[in-house]
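Each residue of the sequence shown is one higher than the last, beginning at 34 in our numbering.
Where is the CB? At the ideal position from N, CA and C, for every residue including glycine.
First up is the structure itself, then whatever we jot down about it.
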Amino acid sequence: MKKYILDMLVKENVRINTKHALMKLSPSDGTLLPPAEPGQFVEVRIDGEPKTYLRRPISINYIDRERNELWLLVQQVGAGTVRLSEMPAGSIVNIIYPLGNGFSFPEDKGGKLLLVGGGVGVAPLLYLGAELKRLGYEPEFLLGARSEKDLLQKAEFEAISKTYCTTEDGSAGEKGFVTNHTLWQKETYAKVYCCGPRPMMVAVAKLASRLCLDCEVSLENEMACGLGACLCCVENTVNGNVCVCKEGPVFNINKLQWLI
């Protein structure tokens, strides 16, 4: 898929909680956003922050075609992401878009699909769920967080399809981790998609394998260039070491070393 370097206008930068903001961007020249697949990501240049000289990789959270908007869910981790989360409407942000390989869709639209996200890892699942629904699939969401206040974009997920939750303190949904939710015993799914902290994804992958479910995960390895040149995002797979930014970030769990 062709890649673009785009100057994007910040239309909104909405504070979700103390650590997360939702940026809504449109091409500054008024042109239409080029196509992108669910699961792909962007590399954002951080201007005006002397401590940050590398771009920051951020998942494509959603694409609103009617408003010609690209959404990025930004978690404040360091100086670069703090700078992004504080950019006011009217600012210009430069991105490389779209990068990586996205999720694959089943040929059969008959079964339900489960999209499992934890923390800021829910980000790519919103666009994925919306596209699956648009194409006639039946997605459902399972979101995990430490507490209710840490659940991100719950209302947006609920607007697409049925949404389940787990929280570690029991303040929302079922208490425990996403792998403990009772829906795994109650429901039948044709495929599982997952993104979040690595320990959570490994646990979901092993559970999906035990249940004989096809499963794809979106890795969150550190990515400096996004093009496979810097080698800082290498993942050891059954086919050897590969760059997550170029070969992923989405992988079928059978391609990873997690089940060995």
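As DSSP reads the structure, residue 150 sits in a beta bridge with 176, 228. Your pair residue 149 and residue 235 does not check out as a contact, with CB atoms roughly 12 Å apart and the cut at 8 Å. The alpha-carbon separation between residue 92 and residue 260 amounts to approximately 15 Å.
Annotated three-state conformation of residue 217 is helix, per DSSP. If you draw a 10 Å sphere on the C-beta of residue 183, you find 16 or more other C-beta atoms in it, and that means buried.
Fully contained in the segment 87-152 are the following beta strand (DSSP E) runs of length 3 or more, in chain order: 89-92, 95-97, 102-108, 125-132, 145-151. In this structure, DSSP gives residue 78 a state outside helix and strand, which the three-state scheme calls coil. With contact defined as three or more Cβ pairs closer than 8 Å, the segment 111-119 and the segment 187-207 are not in contact.
For residue 162, the enclosing alpha helix (DSSP H) begins and ends at 156-167. Residue 155 and residue 185 do touch by the CB rule: their CB atoms are close to 5 Å apart, below 8 Å.
The beta carbons of residue 131 and residue 34 sit about 6 Å from each other, so the pair counts as a contact at 8 Å. Contact between residue 61 and residue 44 is absent: CB atoms are separated by about 10 Å, not below the 8 Å threshold. According to DSSP, residue 60 shares a beta bridge with 41.
DSSP, reduced to helix, strand and coil, places residue 251 within a strand of the structure shown. Put simply, the segment 100-109 does not touch the segment 268-285. Fewer than three CB pairs are less than 8 Å apart. In terms of Cα proximity to residue 126, the closest of 97, 202, 114, 71 is 114. With the rule of 3 Cβ pairs closer than 8 Å, the segment 279-291 counts as touching the segment 245-257. For the pair of segments examined, the segment 133-153 was found to touch the segment 163-180: the number of CB pairs separated by less than 8 Å reaches three.
Under DSSP, the beta-bridge partners assigned to residue 199 are 177, 207. If you ignore the 5 residues before and after residue 95, its C-beta comes within less than 6 Å of the C-beta of 104, 159, 160, all in its own chain and listed in chain order. For residue 231, the closest C-alpha among the options 134, 187, 268 is that of 268. Contact between residue 180 and residue 201 holds, since their C-beta atoms are separated by about 7 Å, short of 8 Å. Taking every protein chain shown into account, the CB of residue 199 has 16 or more other CB atoms within 10 angstroms, so this residue is buried.
Going by DSSP, residue 266 is part of no alpha helix (DSSP H) at all; its letter is neither H nor E. Burial check for residue 102: the Cβ neighbour count within 10 Å reaches 16 or more, so the residue is buried.
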